[in-house]
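K.L.:
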Amino acid sequence: MQKKRVKKSAPVFNGVPHIIHGGDYNPDQWLDRPDILAEDDRLMKLAGVNSASIGIFAWMALEPSEGVYRFEWLDKTLDRLYENGVSVILATPSGARPAWMDRNHPEVLRVNADRVKNLHGFRHNHCLTSPYYRNKVREMNTLLAERYGNHPAVKMWHISNEYGGECHCELCQEAFRAWLRKKYHNDINELNAQWWTRFWSHTFTSFDEIESPAPQGEMHLHALKLDWKRFVSDQHIDFMRNEIEPLKRIAPDIPVTTNTMGTYPGIDLWKLAPYIDRVAWDSYPKWHNDYQEFWETGMQTAFLHDVNRALKPDTPFMLMENTPSLVNHHKPANKLKRPGVNTLSGIQAIAHGSDTVQYFQWRKSRGSAEKFHGAVVDHAGHENTRVFREVAQLGKLLERLDGVVGTHTYPEVAIIYDWENRWAIDDLQGWTADRKNYEETCMNHYQTFWKRGVSVNVINMDCDFTPYKLVIAPMLYMLKPTVAKRLREFVENGGILVTTYGTGYVNENDLCWLGGFPGDGLMDVTGIWAEEMDALFPKDRNAVVFGENFDGLAGSYEVFDMAEIIHVKDGCEVLATYADDFYKEMPAVTKNRFGQGICYHIAARTENALMDALYDNIIAEHDIEMALGGEFPLGVTVQQRYGDDETYYFVMNFNDESKQLILPDGVFYDYATEKEVSGILKLEPYGVAILTPKEQTV
Ligand code: GLA
Ligand code: GLA
0 MQKKRVKKSA PVFNGVPHII HGGDYNPDQW LDRPDILAED DRLMKLAGVN
50 SASIGIFAWM ALEPSEGVYR FEWLDKTLDR LYENGVSVIL ATPSGARPAW
100 MDRNHPEVLR VNADRVKNLH GFRHNHCLTS PYYRNKVREM NTLLAERYGN
150 HPAVKMWHIS NEYGGECHCE LCQEAFRAWL RKKYHNDINE LNAQWWTRFW
200 SHTFTSFDEI ESPAPQGEMH LHALKLDWKR FVSDQHIDFM RNEIEPLKRI
250 APDIPVTTNT MGTYPGIDLW KLAPYIDRVA WDSYPKWHND YQEFWETGMQ
300 TAFLHDVNRA LKPDTPFMLM ENTPSLVNHH KPANKLKRPG VNTLSGIQAI
350 AHGSDTVQYF QWRKSRGSAE KFHGAVVDHA GHENTRVFRE VAQLGKLLER
400 LDGVVGTHTY PEVAIIYDWE NRWAIDDLQG WTADRKNYEE TCMNHYQTFW
450 KRGVSVNVIN MDCDFTPYKL VIAPMLYMLK PTVAKRLREF VENGGILVTT
500 YGTGYVNEND LCWLGGFPGD GLMDVTGIWA EEMDALFPKD RNAVVFGENF
550 DGLAGSYEVF DMAEIIHVKD GCEVLATYAD DFYKEMPAVT KNRFGQGICY
600 HIAARTENAL MDALYDNIIA EHDIEMALGG EFPLGVTVQQ RYGDDETYYF
650 VMNFNDESKQ LILPDGVFYD YATEKEVSGI LKLEPYGVAI LTPKEQTV
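Set out below in structure tokens:
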């Protein structure tokens, strides 16, 4: 069934061959309550927790005044956890600073885009450039590495916390100018040409005239904004590398990670990933919301997991944070995870390639902003709660999944979701201003594959396309260097490519391609020329209509938001045309054979049913693998992970009612129920099954 396999990866923690189950633990908030710390030990055992992330916001506990360090509490905590068999992910505390530091060294405080300087408070509020802060962080990390680099409990470094935001202080302005000088070879004319600064007389005569974007200043040079976003992303990564350096130097065997935030736009994770050993992310879907079906929330979360898996495809990632129940940030309602959903969402992460299920947070804090955020241990302080029981139950299940550790997924399909493309689309003035929806569009292309149990890597445009049968490039507005060429080679050599409206408008500096869209030589690959983009008001509708059973795609599909007016080149087949308006009967969906491969182009934003029909066709025609046959009730999906000789099927029911599916021939073992199953598999509401073919169980 499966073509190529690489060997299983090592477990996340050296010497701990299990799925990691744990979370953020803040003993520094409870140092005056040894009784509670002792309870933590007892409760962690009961919950099946084998890991704790410590010290994430503990700078004040570690350095209560400048140059005065207190490590005794951390020594004791690590010893205590080690004795209890709990492995530690030790954080560097740069995510929040003591008040004394902000008072004594105000350069560490951020300046906002409007040039107003922040006060002490909040967190993640540091200047990305400040030499004082960078030195201070190195000093702290050096002390941590020297003291704990050999502690047997410490299995990983947790670098800072959710890097994000930006700083516009003078130090950052200077760093931005230096970044620009480097990029444009110290040649202001080169910058002016790339930024198209003759527009509105915005030409610069010196790098010193350049300022970061500001609401009361420069907001109209899109290339400047693009470079600023690149700079901020690079500066975060540089800050992180500065943090990592002493850790790797002093304790080279301890892996590092940093917890990121899905597709948070501020940091290009493809640039960050090479500097960490494991990808780790914090997942906070709005489960049970009032604007989409529950399964759609599940599908979108799956997309985010697949972004994270693809960043290091041969190394399982980590679900570093998720809530065991509710959050306290999603207004207007912070809903409880319904019974079963904690297991479902945890197993979903594993299904998509995580080797951990970790929570924010182990114990609710007694005061301040997160006192009502979900936690394994509530203010009640004991194990007799619904949430604790569910966590413990998942803990038991995870203990049975040692065989899953280090297994991999080998998708035949890739969807391009690219940070820089997103930045350019977000800034673009025009189209449907507040409905450009790049990310959502990528997810809408993804949903067919999710429904069919087809694994997908969500990649960026710089990735290698050759491992895939099918590459989907929704709204690939920006074409960075070599992308068009590599897409061309991919199709020439037999790949299937899908492009859409908005493809190939600008280069990497946001300069429009001349000579027609899609530019940079993609026109003959797609077989189309996109002449105009029509934007539709929210209530406007058009449709695309397929010819009589054309390629199995009979029927009409609703069009909304965007409709591109395209012309086909010789040899390009028109599969569907517009139903309405002055471009009625003009091409809307096309198929172009190019070399050994095919490029489909979808010229308008349509309902998902069109993607379902088109992709079902492509899946069948090109024999793309669907887990367990791919025929599931809506909201049920299957993901698979491969070991050296074994396959695990993760069956998940994203419905609040029970569902069933028909299994392929043979007997399976279900790790969830610890029973054999064949024929019909019945899933509880929000239920999961983790199956292996019987003959491969040991
Ligand atoms: C005004 C300005 C022009 C141009 C148009 C765009 O009319 O004078 O320079 O910006 O708006 O609509
Ligand atoms: C983020 C942070 C945590 C906590 C959670 C709450 O993920 O990293 O410290 O604030 O949000 O959901």
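Residue numbering for the sequence shown follows numbering that gives the first Met the number 0, beginning at 0 and increasing consecutively. Don't be surprised by glycine CBs; every beta carbon is placed ideally from N, CA and C. None of these values were measured; they are calculated from a predicted model.
Curious, which full-length alpha helix (DSSP H) runs of at least 4 residues does the segment 177-248 contain?
P.N.:
Segments of the alpha helix (DSSP H) lying fully in the segment 177-248: 187-194.
K.L.:
Grouping DSSP H, G and I as helix and E and B as strand, with all else coil, what is Leu118?
P.N.:
If DSSP states are grouped into helix, strand and coil, Leu118 belongs with coil.
K.L.:
With a threshold of 7 Å (Cβ to nearest heavy atom), would Glu369 be considered close to ligand 2?
P.N.:
Within the cutoff, so yes.
K.L.:
Name the residue from Gly642, Trp430, Tyr147, Val67 whose alpha carbon lies nearest to the alpha carbon of Lys7.
P.N.:
Ranking Gly642, Trp430, Tyr147, Val67 by Cα distance to Lys7 puts Gly642 first.
K.L.:
Exposed or buried, what is Leu513 when buried is set at 16 or more other beta-carbons lying within 10 Å of its beta-carbon?
P.N.:
Its Cβ having fewer than 16 others within 10 Å, Leu513 is exposed.
K.L.:
Residues in the same chain with beta-carbon distance under 7 Å from Trp29, minus the five sequence neighbours each way, listed in chain order, please.
P.N.:
Excluding sequence neighbours, Trp29 sits near Ile35, Leu36.
K.L.:
Grab the span of the alpha helix (DSSP H) containing Gln446 for me, first residue to last.
P.N.:
Start and end: 437-451.
K.L.:
Check whether the Cβ of Thr259 sits closer than 7 Å to any heavy atom of ligand 2, and report yes or no.
P.N.:
No.
K.L.:
Kindly identify the DSSP beta-bridge partner or partners of Gln659.
P.N.:
DSSP output for Gln659 lists Lys681 as bridge partner(s).
K.L.:
Per DSSP, Pro586 is paired with what?
P.N.:
DSSP output for Pro586 lists Thr576 as bridge partner(s).
K.L.:
Look up Met0 in the DSSP assignment and say whether it is helix, strand or coil.
P.N.:
Summary for Met0: the model assigns pLDDT 39, below 50, so the residue's position carries little reliability; its value from the coordinates is reported in the next sentence. Coil, per DSSP.
K.L.:
Output the distance between the C-alpha atoms of Thr440 and Asp560, rounded to the nearest integer angstrom.
P.N.:
Looking at the two C-alpha atoms, the distance is approximately 11 Å.
K.L.:
For Tyr147 and Tyr81, what's the separation of their Cα atoms in angstroms?
P.N.:
Approximately 13 Å, taken between the alpha carbons.
K.L.:
With H, G and I counted as helix, E and B as strand and the rest as coil, what does DSSP make of Glu563?
P.N.:
Three-state result, Glu563: strand.
K.L.:
Can you give me the Cβ contacts of Asp101 inside the same chain, cut-off strictly under 7 Å, excluding the 5 residues immediately before and after it?
P.N.:
Hits under 7 Å: Val107, Leu108, His119.
K.L.:
Within 8 Å, do at least three Cβ pairs link the segment 401-409 to the segment 59-68?
P.N.:
No, the segment 59-68 does not touch the segment 401-409.
K.L.:
Using 8 Å as the cut-off, can you tell me whether the segment 348-365 makes contact with the segment 12-24, which would need three or more C-beta pairs spanning the two stretches below that distance?
P.N.:
As far as the Cβ criterion goes, the segment 348-365 touches the segment 12-24, which means the pair count is three or higher.
K.L.:
Taking the alpha-carbon of Asn508 as reference, which of His329, Leu223, Glu683, Gln215 has the nearest alpha-carbon?
P.N.:
For the residues His329, Leu223, Glu683, Gln215, the minimum Cα distance to Asn508 belongs to Leu223.
K.L.:
Please classify Pro517: is it buried, with 16 or more other beta-carbons within 10 angstroms of its beta-carbon, or exposed?
P.N.:
Burial call: buried.
K.L.:
Can you name, in chain order, every residue of its own chain whose Cβ lies under 7 Å from the Cβ of Trp294, other than the five neighbours on each side?
P.N.:
Hits under 7 Å: Leu633, Gly634, Phe653, Asn654.
K.L.:
Would you say Leu396 and Tyr670 are within 8 Å of each other, going by their C-beta atoms?
P.N.:
Cβ atoms of Leu396 and Tyr670: closer than 8 Å.
K.L.:
To the nearest angstrom, how far is the alpha carbon of Val455 from that of Gln659?
P.N.:
Approximately 24 Å, taken between the alpha carbons.
K.L.:
Leaving out five residues on either side along the sequence, give the residues of the same chain with a beta carbon under 8 Å from the beta carbon of Ser657.
P.N.:
Answer for Ser657: Lys681, Leu682, Glu683, Pro684, Gly686, listed in chain order.
K.L.:
Val403: beta carbon under 7 Å from a heavy atom of ligand 4?
P.N.:
Ligand 4 is absent from the structure shown, which contains only ligand 1 and ligand 2.
K.L.:
Within a Cβ cutoff of 6 Å, which residues of the same chain sit near Phe593, ignoring the five residues on either side of it in sequence?
P.N.:
Hits under 6 Å: Val490, Val524.
K.L.:
Check Arg362 in the structure and name its three-state DSSP category.
P.N.:
The answer is strand: DSSP assigns Arg362 an E or B state.
K.L.:
Can you give me the C-alpha to C-alpha distance between Ser159 and Ser205, rounded to a whole angstrom?
P.N.:
Taking the straight line from one Cα to the other gives about 36 Å.
K.L.:
Ends of the alpha helix (DSSP H) at Gln428?
P.N.:
Careful: Gln428 lies outside any alpha helix (DSSP H) and carries neither H nor E.
K.L.:
Quick one: residues in its chain with C-beta nearer than 8 Å to the C-beta of Asp241, no 5 flanking neighbours on either side, listed in chain order?
P.N.:
The question names Asp, yet the displayed sequence has Asn at residue 241. If we look at Asn241 and ignore the five residues flanking it on each side, its Cβ neighbours are Arg133, Val136, Arg137.
K.L.:
Measuring only the C-alpha atoms, how far is Leu303 from Ala152?
P.N.:
Taking the straight line joining both Cα atoms gives about 31 Å.
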